[in-house]
Amino acid sequence: MLKSTFLSLLEPYSQHTDLIETYWQEIAVNYGGAGRFYHTLVHLEHLYGQVLPLKTDIEDWDTFLFTLFYHDIIYNALRKDNEEKSAEIAEAHLSALGYPPARISRCKAQIIATKSHVESSDPDTNLFLDADLSILGQGFSIYKTYTQQIRKEYAMYPDLLYRPGRKKVLQHFLGMDTIFKTRYFQEKYEASARKNLQAELAQL
């Protein structure tokens, strides 16, 4: 499904099937890279499933999808610039497709927004950020699997370092007035997300 969605997304912007296939293979290879356990194609599938019912509420669906596909194309737990590097790849590829510069800038801004998850003045960005965090509000068995996958991605850190860092992340979310920025995701996941985060925090 992801591949067909991506190919359909690019078709209006390029007649070069080889180029489109190259772009897809880059996504498939990067998201399937060694050391990835959560930030994989499954993560993209989850995101797509979360936002598809909201398609009519999203102002720029194509840009939103480009953000989805490229927001974690670079991911290394040891680096601090994953979002910026991912945005650079999106910019290069979209420029090569002749995508409008203003829409490229919007895509880049949405990708970089996933670094801090601060509320945006752009409604599309807020919906993307909420979808990106929607894993927090899933059933606890799914949430637990997510925490185990994240731990594997940070396997280079011993518990002595990982646990304090993870606690800080959990406390940051729990300290927010609302974890989710949009009413749709607040009503759907806010209560369950807080319950999951508190349960994980108690176990650390």
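Count the sequence shown with our numbering and you get residues 15 to 218, in order.
Just so it is clear, CB atoms sit at the ideal spot from N, CA and C, and this is done for glycine as well.
The beta carbon of Thr161 sits closer than 7 Å to those of Glu214, all from its chain and outside the five residues before and after it, given in chain order. In the DSSP assignment, Thr81 falls within the unbroken alpha helix (DSSP H) covering Trp75 to Tyr84.
Assignment of Ala48 by DSSP, reduced to helix, strand and coil, places it in the coil class. Annotation: Arg50 to Ala116 spans about 32 Å, alpha carbon to alpha carbon.
Cβ contact annotation for Leu188 (same chain, cutoff 8 Å, sequence separation greater than five): Arg208, Leu211, Gln212 and Leu215, in chain order.
Under the three-state reduction of DSSP, Thr36 is assigned to helix. By alpha-carbon distance to Ser148, the top candidate from Ser22, Ile41 and Glu59 is Glu59. Gly112 sits away from Tyr37, with the two beta carbons spaced by 8 Å or more.
The three-state reading of DSSP puts His186 in helix, counting H, G and I together. From the listed residues Pro178, Lys182 and Ala205, the smallest Cα separation to Asp191 is found for Ala205. Here Leu141 is not near Cys121, since their CB atoms are 8 Å or more apart. DSSP places Thr70 within a helical segment (H, G or I) once states are collapsed to three. DSSP places Leu55 in the helix class (H, G or I) of the three-state scheme.
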